[in-house]
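Trainee: Protein chains in written order, with this note's numbering: chain A, 283 to 496; chain B, 2 to 72.
Virtual Cβ for every residue (Gly too), placed ideally from N, Cα, C.
1. Report the residue from 467(A), 457(A), 473(A) whose alpha carbon sits nearest the alpha carbon of residue 31(B).
2. Do you know whose CA, among 343(A), 409(A), 300(A), lies nearest residue 373(A)'s CA?
3. Give a yes or no on contact between the stretch 16-24 of chain B and the stretch 440-447 of chain A, applying the rule of three or more CB pairs nearer than 8 Å.
4. Considering only their Cβ atoms, is the gap separating residue 60(B) from residue 490(A) smaller than 7 Å?
5. To the nearest angstrom, how far is it from the Cα of residue 322(A) to the Cα of residue 28(B)?
6. List the endpoints of the continuous beta strand (DSSP E) containing residue 395(A).
7. What are the boundary residues of the alpha helix (DSSP H) that includes residue 472(A)?
8. With distances taken Cα to Cα, identify the nearest neighbour of residue 463(A) among 318(A), 283(A), 303(A).
9. To which residues of the same chain is residue 289(A) closer than 7 Å at the C-beta, ignoring the five residues directly before and after it?
10. Using a Cβ-Cβ distance under 7 Å, would residue 22(B) count as near chain C?
11. Drop a sphere of 10 angstroms on the beta-carbon of residue 426(A), count the other beta-carbons inside from all chains shown, and report buried for 16 or more, exposed for fewer.
12. Is residue 320(A) close to chain B, meaning its C-beta is less than 7 Å from at least one C-beta of that chain?
13. If you count every other CB in all the chains shown that lies within 10 Å of the CB of residue 25(B), and 16 or more means buried, which is it?
14. Run through DSSP, which three-state label would residue 71(B) get?
15. Just grab the DSSP bridge partners of residue 300(A) for me.
16. Listing by chain order, which chain A residues have their CB less than 7 Å from the CB of residue 60(B)?
17. What does residue 80(B) touch in chain A if you count any residue whose Cβ is under 9 Å from its own?
18. Is residue 70(B) buried or exposed, if buried means 16 or more other CB atoms sit within 10 Å of its CB?
19. Near residue 305(A), what residues of its chain come up, given a Cβ to Cβ distance below 7 Å and the 5 sequence neighbours on each side ignored?
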């Protein structure tokens, strides 16, 4: 594995988004992974509709919350094609699902994996390099006050409550860390990103990690 | 408005946030450590923040076994 790896260097990570006052992080993390894997496969990097997942993934609860795995399961079972963000823009509130014909263009999930990599974060690094950016759930209670730097302490792995996109890692310095895209806008953290120490499952970053296949 | 009920409540949340920052920063002893401080969420209570932004449900995933499994 390379000492550091960042999918942003390959221009396959879409810009940081802002979920605003809506509990839609789970949809942002899934759509972020799909956008990147689609671009890694050779397509133009295009922003896909988070609102479509928010409104239509019926096993989840829209702005009241959801889980990346349940969203991926819905996408896999239904073969729903996510349309471009421009066709179904984000509104930061749960709406009525818009349906599109099968002939309508879009990106569908063929399959996904979800694994607990706790105690095996090096294998998670391999998964990231092999599969592309990963949707992960974390405990982000202490992120309310985060300004920047590498989170090493006081971020439990007991109770997941937030979903994010792991886009890279850097083990070249004194403290190895994950590079994680959040969905709270670019004014939060390191221009919208948070760095989490690798090892010890800090913030529960390795508890449930999903890779998508398109 | 200054001294309105809302203002006083938010001011209290802000004061609580600065205490949290001092506590969390006390662990940041090595270079590159995380820093905590005033940001766009500092006048939210922890309960408000959680209810607005921390709504992901826990997914129980299989322990990675190193096998090449799909799905």
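Mentor: Straight from the coordinates:
1. Along the second chain, one-based indexing puts residue 31(B) at 30. The shortest C-alpha separation from residue 31(B) is found at 457(A).
2. The residue given as residue 373(A) occupies position 91 in the first chain. Among 343(A), 409(A), 300(A), the Cα nearest to that of residue 373(A) is on 300(A).
3. no
4. Start at 1 with the first residue of the first chain, and residue 490(A) comes out as number 208. Start at 1 with the first residue of the second chain, and residue 60(B) comes out as number 59. Their beta carbons are under 7 Å apart, which means residue 490(A) touches residue 60(B) by this criterion.
5. Here residue 322(A) refers to the residue found at position 40 of the first chain. Here residue 28(B) refers to the residue found at position 27 of the second chain. Approximately 39 Å, taken between the alpha carbons.
6. The residue given as residue 395(A) occupies position 113 in the first chain. 393-398 is the extent of the beta strand (DSSP E) around residue 395(A).
7. Here residue 472(A) refers to the residue found at position 190 of the first chain. No alpha helix (DSSP H) contains residue 472(A), which DSSP labels as neither H nor E.
8. Within the first chain, numbered from 1, the residue matching residue 463(A) stands at position 181. The residue with the shortest Cα to Cα distance from residue 463(A) is 318(A).
9. In the first chain, residue 289(A) corresponds to position 7, counting from 1. Within the same chain, and ignoring the five residues on either side of residue 289(A) in sequence, the residues whose Cβ sits closer than 7 Å to its Cβ are 295, 318, 414, 415, 449, 450.
10. Annotation note: the requested chain C is absent from the structure, which comprises protein chains A and B.
11. Here residue 426(A) corresponds to residue number 144 of the first chain, with the count starting at 1. Its Cβ being crowded by 16 or more others within 10 Å, residue 426(A) is buried.
12. In the first chain, counting from the first residue as 1, residue 320(A) sits at position 38. Taking Cβ atoms only, chain B never reaches closer than 7 Å to residue 320(A), which makes this a no.
13. Along the second chain, one-based indexing puts residue 25(B) at 24. Counting Cβ neighbours within 10 Å, residue 25(B) comes out buried, since at least 16 surround it.
14. By 1-based counting over the second chain, the position of residue 71(B) is 70. The predicted position of residue 71(B) is uncertain, since its pLDDT is 48 and thus under 50; a value taken from the coordinates is nonetheless stated next. Here residue 71(B) sits in coil by DSSP.
15. Working through the first chain from its first residue, we reach residue 300(A) at position 18. BP columns for residue 300(A) point to 466(A).
16. Residue 60(B) sits at position 59 when you count from the first residue of the second chain. Correct list: 349, 350, 351, 396, 419, 490.
17. Because residue 80(B) is not part of the residues shown, which for chain B are 2 to 72, the question remains open.
18. Here residue 70(B) corresponds to residue number 69 of the second chain, with the count starting at 1. Unreliable positioning characterises residue 70(B) in this predicted model, as indicated by a pLDDT of 49, which lies under 50. The coordinate reading is nonetheless provided below. Exposed, because fewer than 16 other Cβ atoms sit within 10 Å of the Cβ of residue 70(B).
19. Here residue 305(A) corresponds to residue number 23 of the first chain, with the count starting at 1. Cβ neighbours of residue 305(A) beyond the five flanking positions: 345, 346, 347.
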